[in-house]
Amino acid sequence: MSALQSHERGHLVYAASGVLAVHTDRGTSIVPANRVAWTPAGYSHRHEAHGDTDMRIVFLEPALARHLPDRPAVFLASGIAREILLALTGPGNDDRSAPAHPSAAGSRLLRVLVDELWEAQEQPLHFPEPQDDRLQAMARLLSERPADNASLAELGRTIGASSRTLSRLLHDELGMTFYEWRTQLRIYHALVLLAEGHDTTQTAHACGWANPSTFIAAFAAIIGTTPGRYRAGRQSAAPGD
């Protein structure tokens, strides 16, 4: 995991291979294959890589950044966006960044890239960080034991809060049900395990799904493809493959 940092310009992070997590005080953005994470200027953040990760970074001047959200977000990368990101950051090496002062051609590519992201579908891959101490405690428990199928009431007894209180906090702070929140956290862990080479069945069981088919359905609902196709696509997307 990288050290905490912030920048005067907003930046886009793309994983040409592997899986990245971008942590800010607003939450965590997960960057699997063919996704791009946007972090606005001034946000303290750190990057965490999982698997054999080839990270590409592109900074945007304010005139371009204003076309993207004023909060962290994740976008689906079109084929054009992917090729522009790779072209701007050069040959495949870890932690590649685009030049601070791009050429005229590079500037034109940046404008096309922002247009592509502006048109792209925002992905449900930014997991907000809860502010309430009780939700933070529950998040730690779920992150440490993603396979634990304890109910909300059981988790509440562990941290000293009723299930009704926790449900209200989840709704008010995050706009989610407990089921939705736990599913998102588990999908994050699933992406990490898949990046590290685990197969679908192993990943399903490690993340709390007794039935792999149920895991596949949940994964596809959030990521937009099955775990098997995701792994195959991630491998074929790696530079040089």
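For the sequence shown, full-length UniProt numbering assigns the number 1 to the initial residue and increments by one for each residue that follows. For each residue, glycine too, the CB sits at the ideal point set by N, CA and C.
Helix, strand or coil at residue i [DSSP, three-state]
| i | result |
| --- | --- |
| residue 126 | strand |
| residue 4 | coil |
| residue 28 | strand |
| residue 198 | coil |
| residue 292 | No answer is possible for residue 292: the residues shown for the chain start at 1 and end at 241. |
| residue 94 | Unreliable placement is indicated for residue 94, whose pLDDT of 45 sits below 50; the coordinate value is still reported in the next sentence. Three-state result, residue 94: coil. |
| residue 61 | coil |
| residue 54 | strand |
| residue 49 | strand |
| residue 205 | helix |
| residue 67 | coil |
| residue 214 | helix |
| residue 165 | helix |
| residue 44 | coil |
| residue 138 | helix |
| residue 147 | coil |
| residue 33 | coil |
| residue 175 | coil |
The beta strand (DSSP E) enclosing residue i, as first and last residue numbers
| i | result |
| --- | --- |
| residue 14 | 10-24 |
| residue 73 | 73-76 |
Cβ-heavy atom distance, residue i to the ligand COA, below 7 Å
| i | result |
| --- | --- |
| residue 217 | For the ligand COA, the structure offers nothing, since it holds no ligand at all. |
8 Å Cβ cutoff met for residue i and residue j
| i | j | result |
| --- | --- | --- |
| residue 20 | residue 45 | no |
| residue 74 | residue 29 | yes |
| residue 169 | residue 132 | yes |
| residue 49 | residue 230 | no |
| residue 185 | residue 142 | yes |
| residue 147 | residue 206 | yes |
| residue 27 | residue 60 | no |
| residue 180 | residue 130 | no |
| residue 77 | residue 35 | yes |
| residue 217 | residue 187 | no |
| residue 15 | residue 53 | yes |
| residue 42 | residue 6 | yes |
| residue 228 | residue 149 | no |
| residue 155 | residue 176 | no |
| residue 72 | residue 22 | yes |
| residue 245 | residue 159 | The question about residue 245 has no answer here: the residues shown for the chain are numbered 1 through 241. |
Residue span of the alpha helix (DSSP H) that contains residue i, given as start and end
| i | result |
| --- | --- |
| residue 106 | 104-119 |
| residue 224 | It is not in any alpha helix (DSSP H) - residue 224 carries neither H nor E in the DSSP assignment. |
| residue 157 | 152-159 |
| residue 170 | No alpha helix (DSSP H) holds residue 170; DSSP gives it neither H nor E. |
| residue 131 | Careful: residue 131 lies outside any alpha helix (DSSP H) and carries neither H nor E. |
| residue 87 | 79-89 |
Anticipated Cβ contact below 8 Å, residue i with residue j, distance rounded
| i | j | result |
| --- | --- | --- |
| residue 86 | residue 58 | No, residue 86 and residue 58 are not in contact; Cβ-Cβ is about 10 Å, not under 8 Å. |
| residue 203 | residue 194 | 6 Å |
| residue 178 | residue 152 | 5 Å |
| residue 114 | residue 64 | 5 Å |
| residue 88 | residue 98 | 4 Å |
| residue 67 | residue 118 | 5 Å |
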